[in-house]
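In the working numbering, the protein residues as written are 1 to 50.
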C-alpha cells in the first residue's frame with residue numbers, strides 16, 4: 001500500500017517502484033488521498049511512515 005496526493009510525487013513513486021512492487025499498482029493499493037481509504041482495507045504492517 002502507498003498513498004500520495006501530489007501528482008508529481010505519484011509519478012516519481014510509480015517510476016521507482018512499479019517494477020519492484022507491481023502488486024501495489026495491479027491491486028489498486030496506490031491511493032491518492034488517505035482520507036478516502038477504508039481503514040479495514042489497510043494491510044497489517046510493522047512500520048508506517050508519513
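C-beta atoms are modelled at their ideal positions from N, C-alpha and C, and glycine is treated no differently.
| Could you check where the alpha helix (DSSP H) with residue 25 kicks off and where it finishes? | Note, residue 25: alpha helix (DSSP H), 22-26.
Check your understanding: With distances taken between CB atoms, is the gap from residue 3 to residue 31 smaller than 8 angstroms?
Key -> Contact flag set, yes.
Short Cβ contact (8 angstroms threshold) for residue 33 with residue 5: yes
Q.
In the DSSP assignment, the alpha helix (DSSP H) including residue 39 goes from what residue to what residue?
A. That residue, residue 39, is in no alpha helix (DSSP H); it is neither H nor E in DSSP.
Using alpha carbons as the reference points, say which of 42, 15, 35 and 9 lies closest to residue 27.
42
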